[in-house]
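Below: the structure, in structure tokens.
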Amino acid sequence: MHRNALVWEEEDGAEGYLVYDGETLLAETQNTAVLLRTESGERDISVYTSVEGEKGKLVGKATYVSAAYTQKTFSGSAALADYLRDDGYYLYGAQHIVIDYDGFANSQDNFAGVIYIANDVMKLSFLSKKRVTVRADLVIQQRATDFELELENIILQGAGKMPNAVAFDESVSAPQTDLILSAYGVYNAILCGYNAPNGAQGSGDGMLQHAGNGGTGGAGGCAVSAAGLLLYTEGDMRFSGGNGGDGGDGGNASGLNNHGSGGNGGRGGDAIRCKTLEYFCVNGTLAAEGGIGGDGGAEGQGGFGVNRAPGKKGSDGAGIAADETNVLRGEI
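Numbering (the UniProt record's numbering), first residue to last: 1 to 332.
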């Protein structure tokens, strides 16, 4: 086993497999792996071949320990009004906070501010039986233990209030703990929603004063930024970084003054930025797309153009910017 991922060898002629927690059926699958979600405590897991939907040959057994967390459950952002402050939502008071969209009437839930996650919260879940888009940025308060984000049929679209859609708070120091991302269902995604600022426009010339150069565009944000990312998925998973801002145009000039150069475009954001990435996929694909670099600003007009030029296009972000990658199952 790898954390909550159970893998077994393929049995010749098997129609499929049945996964049990004691006598409780957890999953029926054609794959040779599952991501486990069980009641808390030490669980006895068994895998059997499936024979017309009934238990066949015992393939293997494993012991799985599921942490016991205190839990609070809410039905969308409207139910979190008591946690809303001037600058965002502050989630605290339970080790596991669940946002459950079963029965949710809409296909999109827009949070009114950044979601700040206190260090007493060990796990945050966004769960739905059907696909729901959640517009929010998550800031995880630094902690001594890893934090788990659980998605089920969720498109987490950054709201653009923070550069990164999901990130640890870096206001004090760089994060040292890992982000565990468990994704269930056919498709999940985390998309950066940050609009990087464009560079300032160059000022015009004045008396005996050359025109100013355009400013550099801002860098795009990330979908996920963490020290380490442990990514465990059932199906397809997509990440997308934000685009860089455009460079500002150079200022115009007249007479003997030089006009300004265009500013360079900002770099596109990485989809995933981390030191280490561990990846496990039951059956699906991973798509990670860096943001597009911003366009360079235009060279100013009029006057002279000594050593002046248009701005350069910013470089595109990386799909995965990791120093070390460990693929346990699946392909990147």
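Note that CB positions come from ideal geometry on N, CA and C, so glycine has one too. For clarity, every value in this text was computed on a predicted model and none was experimentally measured.
Worksheet item: Do G93 and K72 come within 9 angstroms of each other at the CB atom, strictly closer than that value?
Response: In this structure, G93 lies closer than 9 angstroms to K72 by Cβ.
Fill in: Coarse secondary structure for D21, derived from DSSP in three states
In this structure, D21 counts as strand in the three-state DSSP scheme.
Discussion item. Just to confirm, is the Cβ distance from P197 to G218 under 9 angstroms?
Written reply: Yes, they are a contact pair.
Fill in: 3 or more residues per run - each beta strand (DSSP E) lying fully within the stretch 150–208
Entirely contained in the stretch 150–208, the beta strand (DSSP E) runs reaching 3 residues are, in chain order, 166–168, 178–184 and 187–191.
Worksheet item: Just checking my contact of A174 with G193 at CB under 8 angstroms: how many whole Å lie between their CB atoms?
Response: By a beta-carbon distance limit of 8 angstroms, A174 does not contact G193. Their separation comes to about 23 angstroms.
Discussion item. I'd like to know whether the C-beta atoms of A68 and I45 end up nearer to each other than 9 angstroms.
Written reply: Cβ atoms of A68 and I45: not closer than 9 angstroms.
Discussion item. Assuming residue 333 and G247 are in contact, meaning their beta carbons sit under 8 angstroms apart, how far apart are those beta carbons, in whole angstroms?
Written reply: Examination of residue 333 is not possible in this model, given that the chain is present from 1 through 332 alone.
Item to complete: Pull up the distance between the alpha-carbon of N243 and that of Y48, whole angstroms please.
Response: Near 48 angstroms, if we compare the C-alpha coordinates of Y48 and N243.
Discussion item. Taking 9 angstroms as the threshold (C-beta atoms), are G268 and G314 in contact?
Written reply: Yes, Cβ-Cβ distance for G314 and G268 is below 9 angstroms.
Worksheet item: Would you call the CB atoms of G296 and G317 closer than 9 angstroms?
Response: The answer is no: Cβ separation not under 9 angstroms.
Worksheet item: Which value, in whole angstroms, describes the spacing of the CA atoms of M162 and D87?
Response: The alpha-carbon separation between M162 and D87 amounts to approximately 11 angstroms.
Discussion item. Suppose the cutoff is 6 angstroms on Cβ atoms and the five residues either side in sequence are ignored; what does the same chain contact list for N110 look like?
Written reply: Cβ contact annotation for N110 (same chain, cutoff 6 angstroms, sequence separation greater than five): R135, in chain order.
Worksheet item: Shortest alpha-carbon distance to Q301 belongs to which of S240, G255 and R37?
Response: Nearest Cα to Q301 within the set S240, G255 and R37: G255.
Practice prompt. Look up L256 in the DSSP assignment and say whether it is helix, strand or coil.
Written response: DSSP places L256 in coil when its eight states are reduced to three.
Item to complete: From the DSSP output, in three-state form, read off S40 for me.
Response: If DSSP states are grouped into helix, strand and coil, S40 belongs with coil.
Worksheet item: Using CA coordinates, which residue listed in E54, L6, S261 and Q108 is at the minimum distance from E15?
Response: It is E54 whose Cα lies nearest to the Cα of E15.
Worksheet entry | Between the CA atoms of N213 and A309 - distance to the nearest angstrom | If you take the alpha carbons of A309 and N213, they lie about 10 angstroms apart.
Worksheet item: On the three-state DSSP scale, how would you describe S77?
Response: DSSP places S77 in helix when its eight states are reduced to three.
Worksheet item: Ends of the beta strand (DSSP E) at H96?
Response: H96 to D100 is the extent of the beta strand (DSSP E) around H96.
Practice prompt. Classify Q201 as buried or exposed, calling it buried when 16 or more other Cβ atoms lie within 10 Å of its own Cβ.
Written response: Label assigned to Q201: buried.
Worksheet item: Given S182, which residues of its chain have a CB within under 6 angstroms of its CB, disregarding the five upstream and five downstream residues?
Response: Taking C-beta separations shorter than 6 angstroms and ignoring five residues to either side along the sequence, the partners of S182 in its chain run E150 and Y232, following chain order.
Worksheet entry | Buried/exposed call for T216, threshold 16 Cβ in 10 Å | With 16 or more Cβ atoms within 10 Å of its Cβ, T216 is classed as buried.
Practice prompt. Compute the distance between the beta-carbons of A118 and L91, then report whether it is under 9 angstroms.
Written response: Note that the C-beta distance between A118 and L91 is below 9 angstroms.
Worksheet item: Secondary structure at D323, three-state DSSP: helix, strand or coil?
Response: In this structure, D323 counts as strand in the three-state DSSP scheme.
Worksheet entry | From G260, V282 and G303, residue whose alpha carbon lies closest to that of Q30 | That would be V282, whose Cα lies nearest to the Cα of Q30.
Item to complete: Excluding the 5 residues preceding and the 5 following I320 in the sequence, name in chain order all residues of the same chain whose CB lies nearer than 6 angstroms to its CB.
Response: So the list reads I272 and A288, once near-sequence residues are dropped.
Worksheet item: Which one or two residues does DSSP pair with S46 in a beta bridge?
Response: S46 is bridged by DSSP to Y20 and K61.
Fill in: Q176 classed as buried or exposed, judged by whether at least 16 other C-beta atoms fall within 10 angstroms
Classification for Q176: exposed.
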